[in-house]
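Q: Numbering (my numbering), first residue to last: 572 to 701.
#1: Assuming residue 662 and residue 685 are in contact, meaning their beta carbons sit under 8 angstroms apart, how far apart are those beta carbons, in whole angstroms?
#2: Entirely within the segment 622-695 and at least 4 residues each: give me those alpha helix (DSSP H) ranges in chain order.
#3: Determine the DSSP secondary structure at residue 700, reduced to helix, strand or coil.
#4: Which two residues bound the contiguous alpha helix (DSSP H) that contains residue 580?
#5: In chain order, what residues of the same chain have a beta carbon less than 8 angstroms from the beta carbon of residue 585, not counting five sequence neighbours either side?
#6: Select from 589, 699 and 592 the residue whose C-alpha is nearest the C-alpha of residue 646.
#7: Confirm, please, whether the CB-CB distance from residue 682 to residue 665 is below 7 angstroms.
#8: Is it right to say residue 619 is buried, meaning 16 or more other beta carbons lie within 10 angstroms of its own, or is it exposed?
#9: Using a 10 Å radius around the Cβ and a threshold of 16 neighbouring Cβ atoms, would you call residue 690 buried or exposed?
#10: By the three-class DSSP mapping on this structure, what secondary structure does residue 618 have?
#11: Of the choices 626, 621, 579 and 658, whose alpha-carbon is the least far from that of residue 692?
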């Protein structure tokens, strides 16, 4: 199978697993989309999540998974500038959370995680090419 197809498949699989993990850990009650849909239609069941006493799992695992998945999917273009775009976009989303609490809670550690993960991903891909 072609490398690009494998990267896309794994990237999509990681995004789905990050969504499932987020919903399991945090529930659906605080999701912006669920609040809006239930305010209009009331069709999405409210789930409050499983309480696990792990700062890493509750706060950062989903962020690491989704930044890896987006970097993996964008790497099919073989242009590291696109990975930089993924980093800038993720930082933009985090700053958006600072400006509007409806989109989540701002955390500087998330920006650090995005930067370190993207840098390691680029270095790993560069090493793999040589």
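Ideal placement from N, C-alpha and C gives every residue a C-beta, glycine not left out.
The structure presented is a predicted model; accordingly, all values stated were derived computationally and were not measured.
A: With the structure as the only source:
#1: Translated into the one-based positions of the chain shown, residue 662 becomes position 91. Translated into the one-based positions of the chain shown, residue 685 becomes position 114. With 8 angstroms as the limit, residue 662 and residue 685 qualify as a contact, their Cβ atoms being about 6 angstroms apart.
#2: 632-645 and 651-670
#3: For the purposes of this step, residue 700 is taken as the residue at position 129 of the chain shown. In this structure, residue 700 counts as helix in the three-state DSSP scheme.
#4: Position 9 of the chain shown, counted from the start, is the residue given in the question as residue 580. Run containing residue 580: 574-597, per the alpha helix (DSSP H) assignment.
#5: As a first step, residue 585 must be located in the chain shown, where it is residue number 14. Excluding positions up to five away in sequence, the list reads 636, 637, 639, 640 and 643.
#6: If you number the chain shown from 1, residue 646 lands on position 75. Checking every option, the nearest Cα to that of residue 646 belongs to 699.
#7: As a first step, residue 665 is located in the chain shown; it is residue number 94 there, counting from the start. As a first step, residue 682 is located in the chain shown; it is residue number 111 there, counting from the start. Cβ distance < 7 angstroms, so residue 665 and residue 682 count as in contact.
#8: Counting from one through the chain shown, the residue named residue 619 turns up at place 48. Per the 10 Å Cβ criterion, exposed.
#9: Sequence index remark: in the chain shown, residue 690 carries index 119 (1-based). Exposed: under 16 other Cβ atoms inside 10 Å.
#10: As a first step, residue 618 is located in the chain shown; it is residue number 47 there, counting from the start. Residue state, collapsed to three classes: coil.
#11: Here residue 692 corresponds to residue number 121 of the chain shown, with the count starting at 1. Among 626, 621, 579 and 658, the Cα nearest to that of residue 692 is on 658.
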